[in-house]
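No gaps in the numbering here: position 47 of the sequence shown is 647 in this note's numbering, and each next residue is one more.
Structure first, commentary second.
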Amino acid sequence: MSKTHNRQIYPFSAIVGQDIMKTALILNAINPSIGGVLIKGERGTAKSTAVRSLAALLPENKVVLGCTFGCDPEKPEDFCEECRKNLINLRTAERKMTVVELPVSATEDMVVGSLDISSAIKEGEKKFEPGILAAAHRNILYVDEVNLLNDHIVDLLLDVAAMGLNIIEREGVSYTHPSSFILIGTMNPEEGDLRPQLLDRFGLCAVIEGIADADTRLEIIKRRMDFENDPKGFTAKWAAADKKIADKILAAKDLLPDVVIPDDMLRIAVQICTDAGVDGHRGDITLVKTAKTLCAYKLRTEVTEDDIKEAAKLVLAHRMRKTPFSNEQYDDKKIDESIEKAKNHGKSEPKDNDSETPQKNTQNEPQDNAGEQKQSSGSGSDSSETKLFKASDPFA
Numbered sequence: 601m602s603k604t605h606n607r608q609i610y611p612f613s614a615i616v617g618q619d620i621m622k623t624a625l626i627l628n629a630i631n632p633s634i635g636g637v638l639i640k641g642e643r644g645t646a647k648s649t650a651v652r653s654l655a656a657l658l659p660e661n662k663v664v665l666g667c668t669f670g671c672d673p674e675k676p677e678d679f680c681e682e683c684r685k686n687l688i689n690l691r692t693a694e695r696k697m698t699v700v701e702l703p704v705s706a707t708e709d710m711v712v713g714s715l716d717i718s719s720a721i722k723e724g725e726k727k728f729e730p731g732i733l734a735a736a737h738r739n740i741l742y743v744d745e746v747n748l749l750n751d752h753i754v755d756l757l758l759d760v761a762a763m764g765l766n767i768i769e770r771e772g773v774s775y776t777h778p779s780s781f782i783l784i785g786t787m788n789p790e791e792g793d794l795r796p797q798l799l800d801r802f803g804l805c806a807v808i809e810g811i812a813d814a815d816t817r818l819e820i821i822k823r824r825m826d827f828e829n830d831p832k833g834f835t836a837k838w839a840a841a842d843k844k845i846a847d848k849i850l851a852a853k854d855l856l857p858d859v860v861i862p863d864d865m866l867r868i869a870v871q872i873c874t875d876a877g878v879d880g881h882r883g884d885i886t887l888v889k890t891a892k893t894l895c896a897y898k899l900r901t902e903v904t905e906d907d908i909k910e911a912a913k914l915v916l917a918h919r920m921r922k923t924p925f926s927n928e929q930y931d932d933k934k935i936d937e938s939i940e941k942a943k944n945h946g947k948s949e950p951k952d953n954d955s956e957t958p959q960k961n962t963q964n965e966p967q968d969n970a971g972e973q974k975q976s977s978g979s980g981s982d983s984s985e986t987k988l989f990k991a992s993d994p995f996a
């Protein structure tokens, strides 16, 4: 297990391109209940750099001083056993968020921690040796090459991430402590994939590629050289841009509880997931959460089509039953078709007094996106293309 130390971290705002990855990371920082992010990409695409950069720009957390797990003093309902015993004498401190790394070779005891069974039996006292999940509480848990990690360990991580609790049981003795974290996994698809059951447990998936444009590649090299030559000066140069992102994250956290999603937007979200062949309902729920979080990050309080469309690309990339599109991306055309279908829901149903009207030559009539016969009149407005607002730059 290792953490980010006091070495200079490359500024988040200085990362060139890879906006879909940066958006996924920011959304999880605003709303960890989204369920983490899986970043798929070839080597050298700034995956690890982005994860560490995110932690560097996030604000400090208020913690209970001396607590092994860094409990939040403002949430006593989530206290560990030790903090509950010392409610009167609690003192607080500020702690910077860190990146806690989980090695591919990690064992179950390294991850969840271990219990001294003999001490529990002889002395009646639970002696717990904290593991990686204890250090990860209220931090970022980063798993590089998550596809090479033992499936059992991945499943365990995802269970704890969903519950926010780590429960250790050995020989009839159990110990529970809070473990709420932002789970980030990275992988190179060339080295194999995760099982579909595990893929679905990650809230978002960002599929990234190396940048082919020569001018952009040149800018990447220049920035990296500047950083290596003068890390402090380079970081200072980008400090204002990083602070702008950090301030927007804090504002979005405050605004998120006030964000609403109208029923017609909910129908669009459901239609998109249905058309994508998403199994179960986790995808639908995550799509709604992600759209609301995007809305908050853009400092609005009502979800729009634009939010849902942008969120769908992150939510569906790893959940589609089949992969008909390159690079596992659910493309704009398919999403637009689902949006149009949701808008037309119920509009093409025949009126009661027309229920007995005979249908003739229907095989030659044009069909709409839902595969239903169009009305011969009054349908001009229904057949027009959906106009989407241009997505605003999430880093502006």
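Glycine residues also receive a C-beta, built at the ideal position from the N, C-alpha and C atoms.
For residue 617, tell me which candidate among 815, 705 and 801 has the shortest Cα-Cα distance. As a working note, residue 617 is residue 17 in the sequence shown. With distances taken between Cα atoms, residue 617 lies closest to 815.
So, does the segment 637-651 touch the segment 768-787, judging by three or more C-beta pairs under 8 Å? yes
Which residue spans inside the segment 727-801 form an unbroken alpha helix (DSSP H) run of at least 4? 732-736, 751-763 and 796-799
In DSSP terms, what residue 638 is bridged to: Within the sequence shown, the letter at position 38 stands for residue 638. Residue 638 pairs with 785 and 805.
Are residue 892 and residue 915 close, meaning C-beta to C-beta below 9 Å? Here residue 892 refers to the residue found at position 292 of the sequence shown. Here residue 915 refers to the residue found at position 315 of the sequence shown. No, the pair does not count as a contact, with Cβ atoms beyond the cut-off.
Tell me the start and end of each unbroken alpha helix (DSSP H) in the segment 844-892 that is at least 4 residues and wholly inside, in chain order. 863-875
Where are the alpha helix (DSSP H) runs, 4 residues long or more, that stay fully inside the segment 649-725, in chain order? 681-685, 708-712 and 717-723
Quickly, what does DSSP pair residue 902 with across the bridge? List them, please. The residue you call residue 902 lines up with position 302 of the sequence shown. For residue 902, which the question treats as bridged, DSSP gives the partners 860.
Under DSSP, the alpha helix (DSSP H) around residue 831 begins and ends at which residues? Position 231 of the sequence shown, counted from the start, is the residue given in the question as residue 831. It spans 831-837 - the alpha helix (DSSP H) in which residue 831 sits, taken as one unbroken run.
Buried or exposed for residue 700, please, with buried defined as at least 16 other CB atoms from any protein chain shown within 10 angstroms of its CB. Taking the sequence shown and counting its residues from 1, the one referred to as residue 700 is at position 100. Residue 700 is buried by the Cβ-count criterion.
Count the other CB atoms within 10 Å of the CB of residue 1027; is the residue buried (16 or more) or exposed (fewer)? No answer is possible for residue 1027: the residues shown for the chain start at 601 and end at 996.
Rounded to whole angstroms, what's the CA-CA distance from residue 880 to residue 919? Just pull it up for me. As a working mapping, residue 880 is identified with position 280 in the sequence shown. As a working mapping, residue 919 is identified with position 319 in the sequence shown. Roughly 10 Å between the two C-alpha positions.
For residue 628, which three-state DSSP category applies? In the sequence shown, the residue the question calls residue 628 occupies position 28. Looking at residue 628 - three-state DSSP - the assignment turns out to be helix.
Let's see if you can read the secondary structure: which residues bound the alpha helix (DSSP H) around residue 646? The sequence position of residue 646 within the sequence shown is 46, counting from 1. Looking at the DSSP string, residue 646 is not in any alpha helix (DSSP H), and its letter there is neither H nor E.
Name the two residues that bound the continuous alpha helix (DSSP H) containing residue 936. For the purposes of this step, residue 936 is taken as the residue at position 336 of the sequence shown. From DSSP, the alpha helix (DSSP H) with residue 936 extends over 932-943.
What's the call for residue 938, buried or exposed, on a 16-neighbour Cβ count within 10 Å? The residue you call residue 938 lines up with position 338 of the sequence shown. By the neighbour-count rule (16 or more Cβ atoms within 10 Å), residue 938 is buried.
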